[in-house]
Structures are given as C-alpha cells and as structure tokens.
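Colleague: Residue numbers (the numbering used here): 362 to 566.
First, the structure itself, so that you have it in front of you.
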Amino acid sequence: MPRMSRAAAEEHKRQVIDNTSRLIRERGADQVSVPQAMAAAGLTHGGFYRHFSSKDDLIAQAITAAFAERSRAMEQLVDQVQAAGAHSAERSARTTYLATYLSELHRDHPAKGCAAAGLVVDAARAEPGAPVRTAFTAGLRNLFDDFQRLDDNDDADTNRSLALAELSTLVGALLLARASDDAALSRDILDAARQYLNGRTGDSP
Numbered sequence: 362m363p364r365m366s367r368a369a370a371e372e373h374k375r376q377v378i379d380n381t382s383r384l385i386r387e388r389g390a391d392q393v394s395v396p397q398a399m400a401a402a403g404l405t406h407g408g409f410y411r412h413f414s415s416k417d418d419l420i421a422q423a424i425t426a427a428f429a430e431r432s433r434a435m436e437q438l439v440d441q442v443q444a445a446g447a448h449s450a451e452r453s454a455r456t457t458y459l460a461t462y463l464s465e466l467h468r469d470h471p472a473k474g475c476a477a478a479g480l481v482v483d484a485a486r487a488e489p490g491a492p493v494r495t496a497f498t499a500g501l502r503n504l505f506d507d508f509q510r511l512d513d514n515d516d517a518d519t520n521r522s523l524a525l526a527e528l529s530t531l532v533g534a535l536l537l538a539r540a541s542d543d544a545a546l547s548r549d550i551l552d553a554a555r556q557y558l559n560g561r562t563g564d565s566p
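Next comes the structure, spelled out in structure tokens:
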C-alpha cells in the first residue's frame with residue numbers, strides 16, 4: 362500500500378482538528394471521543410496517533426483552531442466595515458460585532474460559535490498547566506486583543522479594562538441564554554446585554 366504523502370497527512374490532520382473544534386464547542390470535550398473525532402473527518406481512528414500524541418493534544422489543537430477561526434471572523438468584520446466607510450456611520454465594527462454575538466443565531470449554533478463560550482467549562486475543569494487550559498488561555502488573550510481593536514478609545518489601559526469587562530459580559534450572557542429553558546428569558550438576556558453594552562458609547566443597537 363503506498364505511503365501517504367506529507368501533504369495528504371497534513372490535510373487529514375487539519376480536517377480532524379477543524380471537525381473536532383466544532384464538535385467540542387457543540388458538545389463539550391468530555392462528550393467527544395477519539396473515534397467520533399476521526400469519523401467526523403471521514404477517517405478511521407486507527408491513524409489517530411500518526412497525528413496526535415493524545416486526546417488532550419487533539420483537544421488543545423482544536424481549541425487553538427476555534428479561537429483562530431473567531432479571530433479571522435473579527436478581522437473580516439473590521440475590513441468589511443472599513444470598506445463600507447461605516448466607522449463614521451451609525452453601526453461601527455464594535456456595534457456590528459455585539460449584534461452578531463448576542464444573537465439567537467449565535468446562541469443556537471455553538472458548533473460554529475465563540476470558542477470562549479463554547480469551551481470555557483472544559484478549560485475551567487482542566488488542571489492548571491494542562492494542554493487544554495494552556496491553549497484556552499492563549500486563545501482568550503488573543504480574543505481580548507482582537508476585541509480591544511474594535512473600540513476607538515485611544516487610552517490603552519482604559520480600552521483593555523473595558524474589553525475585559527465587555528467580553529466577560531458577552532460570554533456570560535451567551536452562556537446564560539443557551540442554558541435557559543425559557544425562550545423569552547433567553548431572548549431577554551441577549552437583548553439586555555446588547556442594549557447595556559451599546560449604551561456605554563451611545564451606539565445604536
């Protein structure tokens with residue numbers, strides 16, 4: 362049987378990581394097995410150890426990929442808003458991001474959603490220094506940096522503090538909205554958080 366090329370092996374690894382990043386955001390890392398992760402990429406679990414040293418290694422790389430996906434989406438949002446000349450208009454990149462993040466669409470599709478909200482429980486339960494927590498912390502730092510760039514405030518210290526507080530509000534509101542079994546309460550949580558955060562700068566919701 363011919364040996365798999367390096368390019369094919371890397372593509373298979375990428376497929377496993379990308380599919381696993383979606384699965385763990387939707388179900389939680391504890392609910393995704395190695396065979397499930399491999400099957401989601403259309404592969405058998407027999408080749409798992411050609412790509413990863415352990416399940417924790419896969420989960421850590423999947424967390425990194427999930428945060429990178431969010432970072433790319435934020436960069437695209439800024440580019441789109443700038444191209445439309447909307448920085449001086451009513452809806453800034455920040456306002457647009459808030460509306461997208463605190464939406465029922467985002468609430469109902471965690472597999473493609475924010476890594477911080479989808480994976481916070483897994484990271485919190487991991488031991489300090491574990492690959493899962495280390496990858497989550499690195500991704501969280503990058504997410505804060507990306508979110509900070511959405512604000513026009515020139516005071517770096519103030520901007521960082523606001524970004525920390527606002528992202529904490531975003532993640533908390535999204536988690537509560539997802540956890541609620543009351544549809545009206547769930548919507549109210551999203552709406553209230555969006556209105557509160559928009560009210561800080563007077564942006565339109």
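C-beta: ideal position from N, C-alpha, C; glycine also.
No experiment lies behind these values; they were computed from the predicted model shown.
1) Excluding the 5 residues flanking residue 503 on each side, which residues of the same chain have their C-beta closer than 7 Å to its C-beta?
2) Tell me the start and end of each unbroken alpha helix (DSSP H) in the segment 398-446 that is at least 4 residues and wholly inside, in chain order.
3) Would residue 378 pass as a contact of residue 496 if the rule is Cβ separation under 8 Å?
4) What residues in its chain sit with their C-beta under 8 Å from that of residue 550, if we drop five residues either side in the sequence?
5) For residue 510, which three-state DSSP category applies?
6) For a quick check, are the C-beta atoms of residue 531 and residue 480 less than 8 Å apart?
7) For residue 525 and residue 376, what's the separation of their Cα atoms in angstroms?
8) The alpha helix (DSSP H) with residue 481 in it runs from where to where?
9) Taking C-alpha atoms, which residue in 506, 384 and 494 lies nearest to residue 484?
10) In three-state DSSP terms, what is residue 566?
11) What would DSSP say about residue 529, mapped onto helix, strand or coil?
12) Among residues of its own chain, excluding the 5 on either side of residue 412, which ones have a beta-carbon nearer than 6 Å to its beta-carbon?
13) Between residue 458 and residue 511, which are expected to be in contact by the criterion C-beta below 8 Å, what is the C-beta distance as a whole number of angstroms?
14) Where residue 422 and residue 416 are concerned, what is the direct C-alpha to C-alpha distance, given to the nearest angstrom?
15) Between residue 386 and the rest of its own chain, which residues show a CB-CB distance below 7 Å, the 5 nearest in sequence each way excluded?
16) Check residue 377 in the structure and name its three-state DSSP category.
17) Between the C-alpha atoms of residue 553 and residue 368, what's the straight-line distance to the nearest angstrom?
18) Just to confirm, are residue 555 and residue 460 a CB contact at a threshold of 8 Å?
19) For residue 489, does the three-state DSSP call read helix, strand or coil?
Modeller: Let's see:
1) 428 and 432
2) 416-444
3) no
4) 534, 537, 538 and 541
5) coil
6) no
7) 32 Å
8) 476-486
9) 494
10) Here residue 566 scores only 47 on pLDDT, less than 50, and its place in the model should not be relied on; the value that follows carries that caveat. Looking at residue 566 - three-state DSSP - the assignment turns out to be coil, as it is neither helix nor strand.
11) helix
12) 374
13) 6 Å
14) 10 Å
15) 427, 471, 472, 474, 476, 479 and 480
16) helix
17) 48 Å
18) yes
19) coil
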